[in-house]
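Participant: Please read through the structure below; I'll follow up with questions.
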Amino acid sequence: MNLPNADQAQVDRKKITEYLLCISHPDGSNKASFFSQFGFTLENWRILAESLRKHGATYNVTKVVESEYGTRYSVDGLLETPDSRNPYVRTVWIIEKQSTTPRLITAHPK
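With this note's numbering, the residue at position 13 of the sequence shown is 560, and numbering never jumps.
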């Protein structure tokens, strides 16, 4: 199964700059260290955002969880990176109730 409406997937700038690439974020610092070792930086945050969008659209959904907020989809696969090492990661997306657009929740090494 593919991520529904993957062509409309949204990756918020703040999710990247204030979480996934933020070394001082209490929950995101390990993720920031991980992503930075593959060439992602705050200055090129759009490259990470686009790589995450492609990831969600390319690989199959591996897990679906229904919640009071909507449906969460986990997608596992290789992430295109600036240094071309392309690690295996999981992206997690939500399609909130009353919406059809997937929005990135998080990404981490798998």
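All residues carry an ideal CB built from backbone N, CA and C; glycine is no exception.
When you compare each of 640, 655, 652, 635 to residue 608 by their alpha carbons, which one comes out closest?
Facilitator: Among 640, 655, 652, 635, the Cα nearest to that of residue 608 is on 640.
Participant: My understanding is that residue 651 touches residue 568, with C-beta atoms under 8 angstroms, so please give their C-beta distance in whole angstroms.
Facilitator: Between residue 568 and residue 651 the Cβ distance is about 13 angstroms, and since that is not below 8 angstroms, they are no contact.
Participant: To the nearest angstrom, how far is the alpha carbon of residue 554 from that of residue 603?
Facilitator: Those two C-alpha atoms are separated by around 9 angstroms.
Participant: Is DSSP giving residue 645 helix, strand or coil here?
Facilitator: The answer is coil: DSSP assigns residue 645 none of H, G, I, E or B.
Participant: Suppose the cutoff is 7 angstroms on Cβ atoms and the five residues either side in sequence are ignored; what does the same chain contact list for residue 575 look like?
Facilitator: Contacts found: 566, 567, 569.
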